[in-house]
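Encoded as structure tokens, the structure appears first; notes follow it.
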Amino acid sequence: MLKVYIEPGSYPSDGTIYRIVRGDAITGLFRSIVNVNMADVALSYSYDASNYYLTVMGGVPYVPPTATVYNPGLISNGSRHDAIVVGNAGGFEGFTVPDSSCKTLHITFMQSGTNVEQNYLLTNAYTGSGDMPYLPHTIKDLWLDGDPTGFDTLVEGGRQFALPTPAAHTTIHFLLTRAPATSPLTWFQGDLPAGCRLVVEPGSVDPYINTVLPLNGGRIIIGAPVAPAIGFSSLLAGIQTAGYHCPIQRHPSVPVGEASSKALITLAETTTFPDPVSGISLAGAYATSFNATSDLVDPDAYSVEAGFTVGEGNILTIFRSRGHAPLPAISSYLVPGGTSNIVIALNAVALPKLSPPLLLSSCECD
């Protein structure tokens, strides 16, 4: 165990790096930091075979090694905060499965101090096979934040090098500062199990939702702009063909008047939504079909001019929020001979309640 003593009142600047240990063949796993006298400074750590570094955390953490390292944190108040330092070698040595006292897991992506390149050495210390276990079902919320640029180069070697797959009915929150460098990106080792909810939190960059769709049924909650790549419509259709459902709705903390900028989906292809869409805005010059009763808020001109088709027996309600520009001329189509309905409304749209409710804040840090 490495214990760190910091004099009270000593506040080194953010990004300061201290080399604590230097040697020729450092082995073993460092799993946590004990801030003995609880000085008011946040620290992270990283190491390789020759050095152990301590880094003062700040708005833009800087860590020197080029190896990809997984640093598990301590559990505090039911929450564990882990960090992945993305470098150009290695893969997640140091991961430990949280015990049953962990209800919320935060995984923060950090960049190494060198340019991130293709990971040339795919190693893994979870098991002998490289397979990583599912997260325990006791973890109800998984938060992914930080800068995952370069993480895609690690998982190109196979999904066994990706993140641990959440258990059924887990809520996965994305609150990223930068998007991955390429799309699509395979985030998890396996497809999400039944009932998972994917939440793009307000302020997050686009996590490429194509690659993290809850293929076995769940819900997508949009609180920041996303731009699904080509294939999004086929994925949605495949979910329903398999007997599952994946409704899409606006994040409950995003006001109706901000749906056109924060709960915005920009389509890259002609798209059919087989399940309800509620409270979001659409962009992109592609025709869109709604095969379930849905509502949109302030769709952009390219979207409405491309045309909306409403499936038989369903209703599409198009809302204009207060203060927004008038709705453009809408090209809308009903199924011939059907009982479809299109409604234009000026009042706000009410979101359905979530059950169980979302954990709206990730601020559980000490």
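Residue 774 is where the sequence shown starts when you use this note's numbering, and the numbers rise one by one after that. The beta carbon of each residue, even a glycine, is placed where N, CA and C say it ideally should be.
Please state whether DSSP places I848 in a helix, a strand or coil.
-> strand
With a CB to CB cut of under 6 angstroms and the five nearest residues on each side skipped, what residues in its chain are close to D964?
-> Correct list, in chain order: L988.
When you compare only the Cα positions, how much space is there between S873 and H1018?
-> 30 angstroms
What are the start and end residues of the beta strand (DSSP E) that includes S1094?
-> S1094 -> no beta strand (DSSP E), and no H or E assigned at all.
What number of angstroms, rounded off, separates the C-alpha of H854 from the C-alpha of G1084?
-> 45 angstroms
CA-CA distance, A967 and G991?
-> 7 angstroms
Host beta strand (DSSP E) of G991 (start-end) | G991 to I995
Local Cβ density within 10 Å of L843, reported as buried at 16 or more and exposed below that | Here the sequence assigns Tyr to residue 843, which means Leu is not the residue at that position. With 16 or more other Cβ atoms within 10 Å, it is buried.
May I ask you to verify whether the segment 1092-1103 touches the segment 1005-1022, counting CB pairs closer than 8 angstroms and requiring at least 3?
-> no
Note down, one range per segment and in chain order, each beta strand (DSSP E) of at least 3 residues found wholly within the segment 998-1082.
-> 1021-1023, 1037-1039, 1044-1046, 1050-1056, 1061-1063 and 1067-1070
Give every residue of the same chain whose Cβ lies closer than 6 angstroms to the Cβ of P1020, excluding the five residues on either side of it in the sequence, and list them in chain order.
-> Correct list, in chain order: R992, D1048 and P1049.
From this set, T1090, L917 and P845, which residue's C-alpha is nearest D1071's C-alpha?
-> T1090
Sheet register partners of I1117 (DSSP bridge) = I1091
Compare the C-alpha of S1026 against each of A997, A1015, S1054 and D1073 and name the closest.
-> Of the candidates A997, A1015, S1054 and D1073, the one whose C-alpha sits nearest the C-alpha of S1026 is A997.
Express the C-alpha separation of P1109 and G1086 in angstroms, rounding to a whole number.
-> 11 angstroms
Candidates K913, T1061, E974 and A940, of which the one nearest C875 by Cα | K913
Do P1001 and I1038 have their C-beta atoms closer together than 8 angstroms?
-> yes
Can you grab the Cα-Cα spacing for the pair T984 / V972, in whole Å?
-> 13 angstroms
Can you tell me which of T959, L948, I1003 and P953 puts its alpha carbon nearest to the alpha carbon of I995?
-> L948
With C-beta atoms as the reference, is S1067 less than 8 angstroms away from P1125?
-> No, the pair does not count as a contact, with Cβ atoms beyond the cut-off.
Alpha carbon to alpha carbon, how far is T841 from I1115?
-> 52 angstroms
Name, in chain order, the residues that DSSP records as bridge partners for G1084.
-> Note: G1084 sits in no beta bridge, so no partner.
Provide the residue span of the beta strand (DSSP E) that contains Y1106, from first to last.
-> S1105 to L1107
Name the one or two DSSP bridge partners that W916 has.
-> H879 and H946
Give the DSSP-derived three-state secondary structure of T984 in the structure shown.
-> helix
When Q962, T959, W960 and H946 are compared against R970, the one with the closest alpha-carbon | H946
Excluding sequence positions up to five away, which residues of its chain have a Cβ less than 7 angstroms from the Cβ of S975?
-> Correcting the residue type first, residue 975 is Pro in the shown sequence and not Ser. Around P975: G996, A997, H1024, S1026, V1027 and K1035.
With a threshold of 16 other CB atoms inside 10 Å of the CB of P1129, please say whether the residue is buried or exposed.
-> exposed
Which residues does DSSP pair with A856 in a beta bridge?
-> N844 and T881
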